[in-house]
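Undergrad: Here you go, one structure.
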Amino acid sequence: MTGAGSGFGRLVAGMTAELGAHVIAADINEDNLKAVVDEIRAKGQSAEYKVADVTDKEQMDAVAAFAVEKFGRIDVMLNNAGIMPLAFWSDHKKASKAWDKAIDINIKGVVNGITAVYDQMMEQGRGQVVNISSIYGNAGMPGSGVYSATKAAVKIISDSLRIESHGKIKVTTLKPTGVPGTNLASAVVNETAISGLAGQNAAQYFDSTEKFMKGELPAEQTDSDSIEYWALTPEELAENVVYVINQPWGVNISDITVRASGDVFIH
C-alpha cells in the first residue's frame, strides 16, 4: 500500500496486519515507514517496507517486485497516497506548484500503482486494487477545481481497470468525505476553499469546525451512534477500507462513499 508511513495509511497497515495480512508498506519517508513496520512486527505480525515515490514508475515497479520476492504474490494494492491543495482559481500564482504536485501524486501515482501490480495479478488470476478517491471527485465546485479533477480521474481509472480485467481484478473506488486527522489538510493552499464542498451550509460548517478545534461540539455531534455525528475519525475510515478488502473473492464492492451522517457537505 502507498502512503503507509502516516495517518490513514498507517492505520490500514496495522489493521490488515492484525487480520493476518503480509503488509508491504510504501511511502516516501523512510523514518515513518520503519516506525510503522516496527510497530507491526512488535505485535508478532508480518510487515516489510520499501521507500518509493509514487510518481516514479520504476520505483513503484520495484515495490511490486519486492512484494513478490518476499511473499510470492500480490493480492491487494491500496493506492492511498494523495494530497489536497484546495485553492480558488484566483489563487493560481501561489497554488500552481501544489496543483502540479497533486496531478502527479493523485493521478500518476494511481496509474503507477496499478501498472506495478497489473501483470502479476492477471497472471495469478485474481487480485484487488483499492483506489482512494474523494467526495470532491463527484463534481466541480468552487475552491477545488484541480483537486476535484484528480479525484474524478481516479474514478474513471478504476472503472476502466475493472472492465478491462474481466473480473480477474476486483476494483474498489473509495470516496471519503471530510475526515479530520488524516493529514490531508496540510496541503490546503486556501483554507476558505473548503466552503465549496459545504455550499450553502458553509457558515454552519465553519462554526462546527471552530467548535471541533476547541473541543466544544455538542455531545450528539461527537457520538458515532448519533444521527448527528459530525465527522469521521481516521480509524472509522480505515475500518471501511479493511471492510472492502475483507470480502470473499467473489464479492466486489466497487464504489463506496464513507461519511458521517451529520455532515453538511452537499455532494
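Heads up, the sequence shown is in my numbering, so the first residue is 7 and it goes up one at a time. Think of the CB as a built atom: it goes at the ideal place given N, C-alpha and C, for glycine as much as any other residue. Because the structure is a prediction, the values reported are computed rather than measured.
(1) Look up residue 134 in the DSSP assignment and give the residues it is bridged to.
(2) I'd like to know whether the C-beta atoms of residue 108 and residue 138 end up nearer to each other than 7 angstroms.
(3) Are residue 61 and residue 110 close, meaning C-beta to C-beta below 7 angstroms?
(4) How would you label residue 83, buried or exposed, when you count the other beta carbons within 10 angstroms and need 16 or more for buried?
(5) Below 8 angstroms, can you find three or more Cβ-Cβ pairs linking the stretch 207-227 to the stretch 236-253?
(6) What are the start and end residues of the alpha helix (DSSP H) that includes residue 74?
(7) From 198, 199, 233 and 200, pick the residue whose C-alpha is nearest to that of residue 266; which is it?
(8) Hey, would you say residue 104 sits closer than 7 angstroms to residue 195, going by beta carbons?
(9) Going by the beta-carbon positions, is the gap between residue 208 and residue 214 smaller than 7 angstroms?
(10) Enumerate, from N- to C-terminal direction, the unbroken beta strand (DSSP E) stretches of 3 or more residues contained entirely within the stretch 89-169.
(11) Do the stretch 35-42 and the stretch 70-87 meet, that is, are 3 or more Cβ pairs less than 8 angstroms apart?
(12) So is residue 76 buried or exposed if we call it buried at 16+ other beta carbons inside 10 Å?
(13) By how many angstroms is the C-alpha of residue 21 removed from the C-alpha of residue 27?
(14) In whole angstroms, what separates the C-alpha of residue 291 from that of residue 198?
(15) Hey, out of 66, 270 and 247, whose CA is closest to residue 124's CA?
(16) Per DSSP, which one or two residues make a beta bridge with residue 55?
(17) Which same chain residues end up closer than 6 angstroms to residue 112 when comparing Cβ atoms and leaving out the 5 residues on each side of it in sequence?
(18) Report the residue from 15, 9 and 11 whose alpha carbon sits nearest the alpha carbon of residue 245.
(19) With the cut-off set at 7 angstroms, would you say residue 19 and residue 29 are in Cβ contact?
(20) If you follow the beta strand (DSSP E) that residue 263 is part of, which residue opens it and which one closes it?
(21) For the alpha helix (DSSP H) holding residue 240, just list the boundary residues, first then last.
TA: Put simply:
(1) Position 128 of the sequence shown, counted from the start, is the residue given in the question as residue 134. Answer is 82 and 176, bridged to residue 134.
(2) Residue mapping note: residue 108 aligns to position 102 of the sequence shown, counting from 1. Residue mapping note: residue 138 aligns to position 132 of the sequence shown, counting from 1. No, Cβ-Cβ distance for residue 108 and residue 138 is not below 7 angstroms.
(3) Locating residue 61 in the sequence shown gives position 55, counting from the first residue. Locating residue 110 in the sequence shown gives position 104, counting from the first residue. Yes, the pair counts as a contact, with Cβ atoms nearer than the cut-off.
(4) Here residue 83 corresponds to residue number 77 of the sequence shown, with the count starting at 1. When all chains shown are included, residue 83 counts as buried.
(5) yes
(6) The residue given as residue 74 occupies position 68 in the sequence shown. That run of the alpha helix (DSSP H) goes 63-77.
(7) Walking along the sequence shown from the start, residue 266 turns up at place 260. When only C-alpha atoms are compared, the closest one is 233.
(8) By 1-based counting over the sequence shown, the position of residue 104 is 98. By 1-based counting over the sequence shown, the position of residue 195 is 189. Yes.
(9) As a first step, residue 208 is located in the sequence shown; it is residue number 202 there, counting from the start. As a first step, residue 214 is located in the sequence shown; it is residue number 208 there, counting from the start. Contact flag unset, no.
(10) 133-138
(11) no
(12) Looking up residue 76 in the sequence shown gives position 70. It counts as exposed.
(13) As a position in the sequence shown, residue 27 is number 21, starting the count at 1. As a position in the sequence shown, residue 21 is number 15, starting the count at 1. Roughly 9 angstroms separates the two Cα atoms.
(14) It is not possible to answer for residue 291, since the shown part of the chain is limited to 7 through 273.
(15) To locate residue 124, count along the sequence shown from 1; it is residue 118. For residue 124, the nearest C-alpha among the options comes from 66.
(16) Taking the sequence shown and counting its residues from 1, one reaches residue 55 at position 49. Per DSSP, 31.
(17) Position 106 of the sequence shown holds residue 112. These residues qualify, in order along the chain: 88 and 156.
(18) Within the sequence shown, residue 245 is the residue found at index 239, counting from 1. When only C-alpha atoms are compared, the closest one is 15.
(19) Along the sequence shown, read from residue 1 onward, the residue named residue 19 stands at position 13. Along the sequence shown, read from residue 1 onward, the residue named residue 29 stands at position 23. Their beta carbons are under 7 angstroms apart, which means residue 19 touches residue 29 by this criterion.
(20) Here residue 263 refers to the residue found at position 257 of the sequence shown. Start and end: 261-264.
(21) Translated into the one-based positions of the sequence shown, residue 240 becomes position 234. Unbroken alpha helix (DSSP H) run through residue 240: 240-251.
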